[in-house]
Amino acid sequence: MADSSEFTLAVDIGGTTIKAGIVDKQGKIIEKRSENTPGAQDNTAFLNSLGSILDFLFSRHGLPSSVGIGSPGPLDIQKGKIISSANMPAIRDCNIVEFVQKKINNPNIPVHLDNDANCAGLGQLYFGMGRGHDNFAVFTLGTGVGGGLILEKNIFRGYNGNGFEIGHIPVLDMALMDLLQNKKLTIRRCGCSAMGCLETFSSAMAVSENYHSLLHAGSPPLGKSTEKLTAREIADLARGNDENAQLSYQIAGHALGLAITSVTHLLNLPLFILTGGMAGAGDLLKPHIQKVVQSRVFPVFKNRLEIVFTEGDADSGILGAAGLGHAIR
Ligand SMILES: [Zn+2]
């Protein structure tokens, strides 16, 4: 059994699973455990699932020195509540921090909740590609696009914790408009109801939807191509010279380049870390990102502008939550 001063309990609430891990000061996951969370679960059932994971990990490792919980929003970070969950509609005003505090029953052990993109920023700061850097941004490229902003080695949350919603900044320029119009692609409305958000071009969902639209506008679909492919499958097709797949990634990369250009001009950051399920397609995205950045970012920013992609993201949610726990201990 490890000394409790040595580790954090990291809890990663995902769309369909709760993952939790015992993580040491260096970011090494000592043990992890996960449970599926059926969409119909209400607060009680959801907290019971979490409770059984905690019982298991505490029985094997004792109590941690801090607890970090990362979850998709909307959250009330101050009150430690999940306000609602897109994938678990029965969850409402769920007091997750209070539940974990009761389970631990030790007021000296801090328990904090933050949104998963802020946690991703902290995870990269302490355990990832942001180590040794004071200022950088993390983009999480998954089903949606989120962002975490590290300024002077601290997460920047904004006045009520919702800062750096990078997925919802508008990113349409004439080049992207021409590309979409030439291919008869329509600009989709974002989940936030606006048009032109980064998320509608550069999320895994956007890549998949654009590929699907391109396929149907051109030659008739055949075989498996009649079904919607995942962004990962489309990446493999792009590497095999499928033009529609390459175009889907070109759109995603171009939009990311525009977002990075805007953030660079605003904040003069030297480092952007791209993570999440789409980070594995860095080889396809980076040339298009660089093309935009090289042509649009002021020369004064370019000398030290690094854009990197994380490798593998299976444990990134746990490491993000561990980063939050590490920050508060
Ligand atoms: Zn939006």
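Going by the numbering used here, the sequence shown opens with residue 25, and the numbers climb by one from there. In this text, a Cβ means the ideal position worked out from N, Cα and C, and glycines have one as well. Quick caveat, the model's predicted, so the values are computed rather than measured.
Contact between Leu33 and Leu81 holds, with the beta-carbon distance rounding to 7 angstroms and staying under 8 angstroms. In the DSSP assignment, Val162 falls within the unbroken beta strand (DSSP E) covering Phe160 to Leu165.
Annotation for Gly341: the continuous alpha helix (DSSP H) segment containing it runs Ser340 to Ile352. Of the residues Ile342, Leu99 and Ile128, the one whose Cα lies closest to the Cα of Gly75 is Ile128. Looking from the CA of Phe188, the closest CA among Val162, Pro311 and Gly166 belongs to Val162. Note on geometry: alpha-carbon atoms of Gly154 and Glu335 lie some 14 angstroms from one another. For Lys43, the enclosing beta strand (DSSP E) begins and ends at Thr41 to Asp48. In the displayed model, Met198 falls within a helix according to three-state DSSP. Excluding five sequence positions before and after Asn265, none of the CB atoms of its chain fall closer than 6 angstroms to its own CB. The beta-carbon distance between Phe225 and Ala276, rounded to whole angstroms, is 6 angstroms. This is short enough to meet the 8 angstroms contact definition. Classified as exposed, His289 has fewer than 16 neighbouring CB atoms from the shown chains inside 10 Å of its CB.
At a threshold of 7 angstroms, Ala218 counts as near ligand 1, since its beta carbon sits closer than that to one of the ligand's heavy atoms.
With a contact defined as Cβ atoms closer than 8 angstroms, Ser95 and Asn139 qualify at about 7 angstroms. Boundaries of the beta strand (DSSP E) around Phe31: Phe31 to Ile37. Taking a C-beta distance under 8 angstroms as the contact criterion, Glu30 and Thr41 do not qualify as a contact pair.
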